[in-house]
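In the working numbering, the protein residues as written are 403 to 719. As structure tokens, the structure follows; a few thoughts come after it.
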Ligand SMILES: [Zn+2]
């Protein structure tokens, strides 16, 4: 018997689980607070892995916020965990637990999870987009997870839509994330209210959440509706660009903001059709919601560890 451990390292929670050879139902699972801005994240991570440890574990997959180098297993820097700079996470975990550790960024792992177990099963060319406080992406191209030369490929949220656009979470301007993330929707709405636009929304200490704006939009508030329409419009431009680059058969949307439905996706579809280079990209293209919910990163890390292990066994055999 051989078990695999999957880790989903998030800004808020560390989730760990162990799985039998082919199952996606965990043998054991555990969740702890990351307390990302306090020292000792690595020790909390080790403890969370020990909690689900089993002597027959043979490999481990880790989904982590990036940017990171998946080839060396190094976290380059992550705004979520300030104490980690050029932190050799895979090497340190491997030394601690004595098994190979395979690391990649959370959006790539979620995309790989949706491809292996979720909404993208059976497709050969897939784009996964998660829209929450930020925008992340993962791409499967001809049955291969695209990682790139440095392992930094498919940062779809940081594609430039307008270099003079609003600031992005990464510090640059006009990225997809700066138009279409929950943070961007909230910031745009607050700015509109401050210019005197009429709305039912009340500024609570000068801020709003995308969820509050979605509720107002569903109740018919025109400013809130236009905020999602704007996000959808720019998302349509972004996906038109992705189609031209990757030509997928499926685009999968995950993340909290993607749950709002037509508020975002009607204007998205209109914009996508308007901006797509050739209509043939849209023939038989599936646009759908993610199937794995909050488990996408964890199951992606599981699928990735198994995939790497199978490749290794084939190489040896
Ligand atoms: Zn950015």
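C-beta atoms are modelled at their ideal positions from N, C-alpha and C, and glycine is treated no differently.
Remark: fewer than three beta-carbon pairs, one from each stretch, lie closer than 8 Å, so the segment 696-703 and the segment 663-673 are not flagged as touching. Check the Cα spacing between residue 715 and each of 411, 461, 451, 429: the tightest is with 461. Nearest C-alpha to residue 403 among 421, 633, 411, 538: 421. Taking the CA atoms as reference points, residue 710 sits about 20 Å from residue 451. Per DSSP, the beta bridge partners of residue 507 are 466. Between residue 652 and residue 692, the C-beta spacing is not below 7 Å.
Under the three-state reduction of DSSP output, residue 577 falls in the strand class. Contact annotation: residue 537 and residue 556 have beta-carbon atoms that are not nearer than 7 Å. Residue 442 carries a coil assignment under DSSP once its states are collapsed to helix, strand and coil. Distance from the Cα of residue 423 is smallest, within the candidate group 643, 503, 458, 440, for 458. Under a 10 Å Cβ-count criterion, residue 510 is classified as buried, with 16 or more other Cβ atoms of the shown protein chains found around its own Cβ. When only Cα atoms are considered, residue 525 and residue 684 end up about 15 Å apart. For residue 528, the secondary structure class from DSSP, reduced to helix, strand or coil, is strand. For residue 560, the shortest separation between its Cβ and any heavy atom of ligand 1 lies below 6 Å. For residue 681, the secondary structure class from DSSP, reduced to helix, strand or coil, is helix. Collapsing the DSSP output to three states places residue 595 in a helix. In the DSSP assignment, the residues bridged to residue 479 are 487. Relative to residue 543, the option among 516, 624, 463, 528 whose CA is nearest is 528. Secondary structure at residue 551: coil, using DSSP grouped into helix, strand and coil. Of the residues assessed, residue 679 falls on the exposed side of the cut-off, its CB having fewer than 16 other CB atoms within 10 angstroms. About 6 Å separates the beta carbon of residue 472 from that of residue 549, a gap short enough to meet the 8 Å contact definition. Between residue 493 and residue 468 the beta-carbon gap is near 17 Å, outside 8 Å, which marks them as no contact. Separation of residue 465 and residue 417 (C-alpha to C-alpha, rounded to the nearest whole angstrom) is 10 Å.
Annotation for residue 481: no residue places its beta carbon closer than 7 Å to its own, counting only its chain and skipping 5 residues before and after. Here the segment 589-604 makes contact with the segment 625-645; the two share three or more CB pairs at distances below 8 Å.
When DSSP states are grouped into helix, strand and coil, residue 474 belongs to the coil group. The way I'd put it, the segment 556-574 does touch the segment 633-647; three or more beta-carbon pairs between them come closer than 8 Å.
Straight through space, the alpha carbons of residue 497 and residue 634 are spaced by roughly 45 Å.
Scanning its chain for C-beta atoms nearer than 6 Å, with the 5 sequence neighbours on each side dropped, one finds no residue around residue 620. Relative to the Cα of residue 552, the nearest Cα in the group 575, 564, 507 belongs to 507. Distance between residue 688 and residue 490, taken at the CA atoms: about 38 Å.
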